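Participant: If you count by this note's numbering, then the sequence shown holds residues 3 to 446, one letter each, in order.
Each residue gets a CB set at the ideal place from its N, CA and C atoms; glycine is no exception.
It should be emphasised that the depicted structure is a prediction, and the values quoted were computed from it without experimental measurement.
Before anything else, here's the structure in question.
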Amino acid sequence: MQRVSIIGLGYVGLSTAICLADSGFTVYGVEVVPEKINAIQSGKLPFEEKGLDKMLAGTLKKKRLIVSQEYKDAIKNSSITFITVGTPSRDDGSIDLKYVKVASEEIGSELQKKKSYHLVTEKSTVVPGTTQSVVRRALEEKSGKKAFEDFGLCVNPEFLRESSAIYDTMHPDAIVIGSEDRKSKNTLISLYRSFYRKMPQVISTTLSNAELIKYSVNTFRATQLSFLNTLANLCNKIPKADSEEVISGLSTITKLDKRYLKAGLGYGGSCLPKDLRALIAHSKQLHVNPILFEAAQQVNQVQPLTAVEMAQRLVGDLKGKSVSVLGLAYKAGTDDTRESVAIRLVNALMDTEASVTAYDPAAMENARAYLKQGIKLAKDARSCIKDSECCIIATEWDEFKEIRPGEFKSLMKTPAVVDGRRIFDPERMRTEGVKYASIGRYES
Ligand SMILES: NC(=O)c1ccc[n+]([C@@H]2O[C@H](COP(=O)([O-])OP(=O)(O)OC[C@H]3O[C@@H](n4cnc5c(N)ncnc54)[C@H](O)[C@@H]3O)[C@@H](O)[C@H]2O)c1
């Protein structure tokens, strides 16, 4: 089994490291934040991801995952390095490449001392041209060696989704490999051949095409979601319309990816909004008008507010009313609140002068920093809805699906539910006496 190093043990880096280590690779992880290293070494995941903590414990026990702040041993002892550092947005929406640059420089300095062949693989999401300009330049300058001759260089974007990281790593739709030389590409393919029992489809292309494929996927998904959400808003106004049936018809005819076909309150998280912003900024830099991408972004800005308007139509003016919100994470199964539409919704409710109480099974701690003053946090879902006059479902956690219509009726002051994630059956709600409105269904 090959030895691999992974630079940056955040969500992508640590998930990848644990999956590789679990399947028999020896993985050297490098991370700059000491608290993260301490947590990982003591078997604690620094984020919520189902099943990954158990795998982490196993890999530590077998000494297959070695984490450190130092690059030296990681590069010396491995033959392939993945760069998985963050690429956050700058104020103008473009991505900040400072972490990628520093990581590349550090790797380059270690490559200088190395005699054997080494492949560097850029996995962080970067705009087209970055691997050639920033990564290659830093590696060559610091190592004094030439890319594609003395060491290999590839782009291998990541497509895993938070809350299904293990499944997505084990069953990717495809592996995208951008390369300029055969040796780099074949080295990476041989690593994946020993990782997968059944080798996924490989999309082999140039460095910049691989970089752009990643952006095109996320931008397409964001645009598709904004399209579906606009369609759902239309369904709210058309008698007997239901966005689910419309979208099902649409997907049968157009064969769209079913995983991204649900209307709701908008998309959030660490990737879609950031990647859309980056591609908008990059398009502008290249004097291409990103009018479609900007429209997708604008739709997403206002979509969470549809839940506020629906609540107002259902129970009237919200001023002084007690409103409960179930969900703060950007989606179920994660504690990630980065750019969560649930948080935008909760903060917008405060502007109506409602009294707001919120609850999330995993994301309360992460949410705190983003919430406006005065928002109360409940200890569980039922105490959150207790005595409220309207409840809004903002995240589709399974735990919320278990609340029966009778419980909304007995616990709430006036049972009224705005279902921003379509998790309840409208007929059951209404027959049991709960006022109910949901995204994408005609509001009678
Ligand atoms: N989170 C996702 O679901 C996801 C999915 C696909 C792709 N991506 C992309 O993958 C990249 C990483 O995303 P993430 O969510 O894991 O980010 P993250 O911010 O969670 O993790 C990045 C980690 O890199 C560390 N780091 C920064 N500079 C370093 C350095 N010089 N040396 C070592 N460690 C360093 C940080 O401390 C942090 O722990 C981004 O480009 C992102 O767009 C993310």
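#1: Looking at Cys273 and ligand 2, is the gap between the Cβ and the nearest heavy atom below 8 Å?
#2: If you draw a straight line from the C-alpha of Gln303 to the C-alpha of Thr256, how long is it?
#3: Distance, Cα to Cα, Ser91 vs His284?
#4: May I ask you to list the residues that DSSP assigns as paired with Val304?
#5: Kindly indicate which residue of Thr28, Asn291, Leu67 and Leu113 has the alpha-carbon position closest to the one of Ser196.
#6: As a quick exercise: from Ile282, Asp400, Tyr372 and Ser81, pick the residue whose alpha carbon is nearest that of Ser192.
#7: Can you give, in chain order, each stretch of the beta strand (DSSP E) that sits fully within the segment 159 to 183 and has at least 3 residues?
#8: In the DSSP assignment, find the alpha helix (DSSP H) that holds Ser285 and state where it starts and stops.
#9: Consider the C-beta atom of Glu213 and the heavy atoms of ligand 1; say whether any pair is separated by less than 8 Å.
#10: CA-CA distance, Ala265 and Glu37?
#11: Any heavy atom of ligand 1 closer than 8 Å to the CB of Phe1?
#12: Could you tell me how far apart the beta carbons of Ile77 and Lys116 are, in whole angstroms, since I believe they sit closer than 8 Å?
#13: Once you ignore the five residues that flank Ala396 on each side, which residues in its own chain have a CB closer than 6 Å to its CB?
#14: Consult DSSP for Ala334 and reduce its assignment to one of helix, strand or coil.
#15: Closer than 8 Å to a non-hydrogen atom of ligand 1 - does that hold for the CB of Glu164?
#16: Taking the beta strand (DSSP E) that Ser324 falls in, what are its first and last residues?
#17: Where does Arg138 land, buried or exposed, given buried means 16+ other C-beta within 10 angstroms?
#18: In the DSSP assignment, find the unbroken alpha helix (DSSP H) run with Ile109 in it and report its ends.
#19: For ligand 1, is there any heavy atom lying closer than 8 Å to the beta carbon of Gly408?
Facilitator: In brief:
#1: With respect to small molecules bound, the structure shown includes ligand 1 and not ligand 2.
#2: One C-alpha to the other measures close to 27 Å.
#3: For Ser91 and His284, the gap between their C-alpha atoms comes out near 12 Å.
#4: Beta-bridge pairing links Val304 to no other residue.
#5: Selection Thr28, Asn291, Leu67 and Leu113 evaluated against Ser196 yields Thr28 as nearest (Cα-Cα).
#6: Of the listed residues, the one whose Cα sits closest to Ser192 is Ser81.
#7: Counting whole runs of 3 or more residues, the segment 159 to 183 contains the beta strand (DSSP E) stretches 177 to 181.
#8: Segment Leu274 to Gln287, the alpha helix (DSSP H) holding Ser285.
#9: No.
#10: Rounded to the nearest angstrom, the two C-alpha atoms are 38 Å apart.
#11: Residue 1 falls outside the range modelled here, since the chain spans only 3 to 446, and no answer is possible.
#12: Right, their Cβ atoms sit about 7 Å apart.
#13: Close CB contacts of Ala396 within its chain, under the 6 Å cut and outside five residues either way in sequence, are with Val327, Gly329, Ala344, Leu347 and Gly422 (chain order).
#14: Correct three-state label for Ala334: coil.
#15: Yes, Cβ of Glu164 sits closer than 8 Å to a heavy atom of ligand 1.
#16: Taken as a continuous stretch (DSSP letters only), the beta strand (DSSP E) holding Ser324 covers Ser324 to Leu328.
#17: Classification of Arg138: buried, given that the 10 Å Cβ count is 16 or more.
#18: Annotation for Ile109: the continuous alpha helix (DSSP H) segment containing it runs Lys100 to Gln114.
#19: Set against 8 Å, the gap from the CB of Gly408 to the closest heavy atom of ligand 1 is not smaller.
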